[in-house]
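All remarks here apply to the structure that follows.
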Amino acid sequence: MFRKVLIANRGEGALRVLRACHDLEIRTVAIHSTADADAMHVRLADESVCIGPADVQSSYLNVPAIITAAHVSGADALHPGYGFLSENADFAQIVALHDITFIGPKAEHISVMGDKVEARRRMRALGVPVVPGAEGALSSLEELRALAGEIGFPLIVKAAAGGGGRGMKVVETEGDLEGAWQLARAEALAGFGDDTVYAERYLATPRHVEFQILADAHGNVMQLGERDCSVQRRHQKMVEEAPSPAIDADARRRVGDTIVAAVRELGYLGLGTVEMLYDDGEFYFIEMNTRLQVEHPVTEMVTGIDLVCEQLRVAAGEPVSFAPDAFAVTGHAIECRITAEDPETLTPQPGRAEVYHAPSGPGVRVDSAMFGGSEVSPHYDSLIAKLIVHGRDRDEALRRLRRALREYAIDGLANTIPLHQRILEHPDFAAGEYDVHWLERELMGRENP
Amino acid sequence: MFRKVLIANRGEGALRVLRACHDLEIRTVAIHSTADADAMHVRLADESVCIGPADVQSSYLNVPAIITAAHVSGADALHPGYGFLSENADFAQIVALHDITFIGPKAEHISVMGDKVEARRRMRALGVPVVPGAEGALSSLEELRALAGEIGFPLIVKAAAGGGGRGMKVVETEGDLEGAWQLARAEALAGFGDDTVYAERYLATPRHVEFQILADAHGNVMQLGERDCSVQRRHQKMVEEAPSPAIDADARRRVGDTIVAAVRELGYLGLGTVEMLYDDGEFYFIEMNTRLQVEHPVTEMVTGIDLVCEQLRVAAGEPVSFAPDAFAVTGHAIECRITAEDPETLTPQPGRAEVYHAPSGPGVRVDSAMFGGSEVSPHYDSLIAKLIVHGRDRDEALRRLRRALREYAIDGLANTIPLHQRILEHPDFAAGEYDVHWLERELMGRENP
Amino acid sequence: MPNFPVDEPLLRRLAELMNETDLAELELTFGRRSVRLARGVRPSAPAPLDPLPDPDPVPGEPAAPGPAPSSPDPDRPEEFANHLGAVTSPMVGTLYVAAAQGAEPFIKVGDEVGEGDQLFIIEAMKTMNAVLAHRGGTVAQIFVENATPVEFGALLAIIE
Amino acid sequence: MPNFPVDEPLLRRLAELMNETDLAELELTFGRRSVRLARGVRPSAPAPLDPLPDPDPVPGEPAAPGPAPSSPDPDRPEEFANHLGAVTSPMVGTLYVAAAQGAEPFIKVGDEVGEGDQLFIIEAMKTMNAVLAHRGGTVAQIFVENATPVEFGALLAIIE
């Protein structure tokens, strides 16, 4: 096992990794910007290194500074957390070149899955169903027209390098094709420095259901059940739950087996998430995230498995800590991402939490780096906390979540708890009947993207 | 189910009950002294009533004020929490006389079990093994001498109305009998206003193992496994775990069945705890606590059952929410009681927590009413928090507990975390080898009581 | 690190109060918090002490700016809680303003009362408890209505 | 982080408040923290503005009422962090005081340096980065040793 891990992240994500390291008695090195000198991840790590000023380019995305911090602190491994450099294949390679273990999949898989067109092609070749559409990048408007003739309308044009909704255009009719083509390419270029786009059938009311993958170097490849992350706004997940209220044991096993076979064939190592759309009884591959996922705790709550500890074990060459056929999904878990944003407009509202009291009690977990008097800085993302509940069944989980949201005391910081309460009180959510457009359609007063 | 419950308690105990009420969508009324006006239990309740000044006699033990608060707020039930009036049979009766449901067992059982001599007699008659000793109160020194001739030395003289170690004297030889007799009676009179004492065989290195009882009005009587609470100082529990590392499935089932039969015969209703000593393969009844126990979360963590919700259901006449034969103990849980006391001398150190950040992550639960800036008042007990961890096995629980203790950030308040860390690091504790005198013998530099 | 929780409006208010009343020093302690202010002493006669503004401002709310409340807001009875003439409830219970339903209230605003005069009745546990005037004076304010619940320490009236 | 959380804007604000309200002293305590500020008392109204109280008091000690420390303690480099002549590390890396092992250090205490003179080398990612003087003057203090790691922002030297 590793002796000392540098955590190349901040906030609750850094704390999450720190906890797993300390559980396994691995020493930790925190990195931080000048703005985070008093942050909890710095305080709780065994060592810390200030790597740059507040802006992320100069600190948390500053590859030379991070590698140097690992060197001067003598870390033998590096965990990228999520966000920042966690899906940067070049970074993973640079880390490895410096004889530091990158805690994540092989760089080649980060690279393949980072290219959405290539990812789709590979997964399709491995037998995973994909949304009908272009096999590769579209080189001209004429190719797009030809594809539309094949798969029909509505279709969606997407940036190959994209994510988070930028560079995506829904096309309803033939007449809108040219405008969408130009707009999607322009946004792709502006957003990602690459105007490569592809297109596929547009599913009107799909659910976002993703499967947690874990593979070690001893031949164990498994999926640890799914998460339903359909409650989204502008492609940002707000609420996640496991299991999905929409799929049954049979569908789960069928698609799960397909995914495991593909991931095994790929030679994948570590944690990963296969994101699928689920529409009208069918699953379609969207993308694979080659890292720990923000919403991983819901899987931890229903399986009792610490995913980050498993990730560390796998990266150190050890087998997973449980028999792949001995794990079971027990009960139901739901997570709310609470952010320092206006609950109506979702505009970020940085500030200081004068009083901070997180909920607790049976089945309640809060992953957060906040404490009374701490600040949500305008330099970084606005996540205050992930509130996760577990219950013996979905009803118990819902009751606990409603209670816990109500119990959260955050004074002095606008936050999304009121929006989460509206979601939880909505009869559709209580019934488990929602799709990826539901939140915007029902609660945010905004048309589909 | 109840419409509105008055919670006759403060601090984390009040919060615990509040959480269960809100989970079941019952409205809550907090009571508080003037010193607790800004306390978290007051803030989170639906309503609150200030019932008196800071001292407990005028507030949390002020029966007329509490009953009046229940009346003016229109509560239809009252939960006493633990401590304060929770084992006061008169209070339970007064509550009932005012047409308010007392959430606890019948007053007769509170009364019987409150008299340690009578409790022992009743349980023995119901087939539960007791420590060899006096069948009832000892009326003279001569009776004590005769008993010593029967059961031999060492023996222990105890106050019938006692608890918490006061009025207890260990006698090693015949020559010490008279002194112990006088001292025990004097302490009993001073401590409890009643000089009745009894005596029994003194077990030198017993473990304290207690069984969680739950009985409803529909014929369900069950024990939800045991808790090992042997890590004590001056009869105050410091660390509790479930299951006990010392007993096996066979012993557990055997004594569990005996206890369930006795409790059923007693006609007991609600939650209760049967405390036993376990020595050399044998169990001996000590006492039964007729209330929710401070350390109940370890049982919740290994069973997935919310004991306070069950208590509310039973008090409302409903059956328990699970099939008695369907519950299972899964994994291992340990609790540390963290108090604002000097970790060496255990003298209380009231004060203000300038920074407060509780640990979290998989398998970690913290029950506490503290927040950054809040105070531990000299008026009340010094509990800061109960830190409870759960793991798939005892080793995982121990690792998580060590990590969580280290992660706790409490600035400005002396606390017992360093002592808990010493306990957790001790090879005896890691091996599960400890008895009720272990803590004082090994870590507190103090001879046996 | 949380900041030093300085309540600037409160400090300004205290400073103004010191200027108005020509105080040289002012020191307040609330538990472990304390504040001390001193002014350059001026050659003038000592002025009588005004009642302090709310010495225990509600945490989480900024202290109201402006001068010390010389004409208190009747909607904010907590401002009077430490007034020398404040009559507070000695217990939780149901308050009555008269000896019987329909009878004349014991007091109304403007009444002169003597020390020990009955002001209210509080019912708790079926017992009726008299609330008596702790000093003589004029009834300046009454904050409670008949047959309503009151907490321990609730402000009932002001006798000036 | 255990260092003393000095809030310079707060101190400035308090000092301004004292000037505006004509306070002579102000002392605040919150638990174990305290701050005390004092102004020179003027005998009458409009007076020229006093120098502000030490805007960056000695870390680890309550804010001193007297003037700013003119002879800082060489064992406490953090005292200089906001000194105008402070040379801080532009990056995390390994610091070298000389161009090669065994060579003369670029600077020693008492040396005169010109703006742009090389002071140190910091190695990061196998690249050698020169640290240059941001102004000319005398090297008053050097806080780092050869071949040791430095963080971003670490205080390296003082040029006076």
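Chains as they are written, first to last, in our numbering: chain F, 37 to 485; chain W, 37 to 485; chain Y, 29 to 188; chain H, 29 to 188. From the three backbone atoms N, C-alpha and C, an ideal C-beta is built for every residue, glycine too.
Under the three-state reduction of DSSP output, W:Ile187 falls in the helix class. Excluding five sequence positions before and after F:Pro379, the CB atoms of its chain that fall closer than 6 Å to its own CB belong to Thr452, Pro454, Leu455, given in chain order. With a cutoff of 9 Å on beta-carbon distance, W:Ile102 and W:Ile139 are scored as not near each other.
Taking a cut-off of 8 Å on C-beta distances, the region 245-264 of chain W touches the region 355-364 of chain W, as three or more cross pairs fall below it. Listed along chain H, the residues sitting closer than 7 Å to F:Ile103 by beta-carbon distance are Met153. When the alpha-carbon of F:Ala111 is set against those of F:Pro281, F:Phe120, F:Asp82, the nearest one is in F:Asp82. Interface with chain W (9 Å Cβ-Cβ cutoff): F:Ala173 is excluded.
According to the DSSP assignment, W:Val267 belongs to the beta strand (DSSP E) that extends over 257-269. Considering only W:Glu214, W:Leu213, W:His115, the residue with the shortest C-alpha distance to W:Val53 is W:His115.
For F:Pro454, no CB of chain W lies under 9 Å from its own CB, so it is not counted at the interface with that chain. Taken in chain order, the complete alpha helix (DSSP H) segments of 4 or more residues contained in the region 115-146 of chain W are 125-133. In this model, Y:Ala168 and Y:Pro118 are separated by some 20 Å (Cα to Cα). Any Cβ of chain Y closer than 9 Å to the Cβ of W:Thr70 would place that residue at the interface, and such an atom is present.
Not a single CB atom of chain H sits nearer than 9 Å to the CB of F:Ile62. Annotation for W:Val338: the continuous alpha helix (DSSP H) segment containing it runs 332-339.
The Cβ atoms of H:Ala161 and H:Gly138 lie no closer than 9 Å to each other. Residue ranges of uninterrupted beta strand (DSSP E) with 3 or more members, entirely inside the region 116-175 of chain H and ordered along the chain, are 121-124, 146-152, 155-160, 165-170. DSSP, reduced to helix, strand and coil, places F:Phe228 within a helical segment of the structure shown. Taking CB atoms only, F:Thr366 has a neighbour in chain W less than 9 Å away. In this structure, W:Val164 places its C-beta atom within 9 Å of the C-beta atom of W:Thr294. Look at the region 86-120 of chain F: the residues with a C-beta under 9 Å from a C-beta of chain H are Cys86, Ile87, Gly88, Pro89, Ser94, Ser95, Asn98, Val99, Pro100, Ala101, Ile102, Ile103, Thr104, Ala105, His107, Val108, Ser109. Interface residue (Cβ-Cβ distance to chain F less than 9 Å): W:Leu449 is not classified as such.
Listed in chain order, the non-local C-beta contacts of W:Arg39 below 6 Å within the same chain comprise Asp112, local neighbours out to five positions each way being set aside. Residue F:Asp135 holds the alpha-carbon nearest to the alpha-carbon of F:His107 among F:Gly88, F:Asp135, F:Ser95, F:Ala364. By the C-beta criterion, the region 235-248 of chain W is judged to be in contact with the region 311-325 of chain W, since at least 3 inter-stretch pairs fall below 8 Å.
Here the region 181-199 of chain F makes contact with the region 225-238 of chain F; the two share three or more CB pairs at distances below 8 Å. Rounded to the nearest whole angstrom, the C-alpha separation of W:Ile322 and W:Val166 is 7 Å. Residues Leu191, Leu213, Ala216 of the same chain have their beta carbon placed closer than 6 Å to that of W:Val207, with the five preceding and five following residues left out of the count. Remark: C-beta atoms of F:Arg436 and F:Glu331 do not approach each other more closely than 9 Å. Take the alpha-carbon of F:Arg156 and the one of W:Asp342: they are about 45 Å apart. The secondary-structure analysis by DSSP pairs F:Thr309 across a beta bridge with F:Gln248, F:Asn325. Judged by DSSP secondary structure, F:Asp403 falls within the beta strand (DSSP E) whose first and last residues are 400-403. For Y:Gly144, there are no C-beta contacts with chain W under 9 Å, since the nearest C-beta of that chain is about 23 Å from it. By the Cβ rule, the region 406-414 of chain F does not count as touching the region 424-435 of chain F, because fewer than three pairs are nearer than 8 Å. Only residues of its own chain outside the window of five on either side were considered, and among them Cys265 have a CB closer than 6 Å to the CB of F:Lys273, listed in chain order. If you draw a straight line from the Cα of F:Gly49 to the Cα of F:Ser122, it is about 11 Å long.
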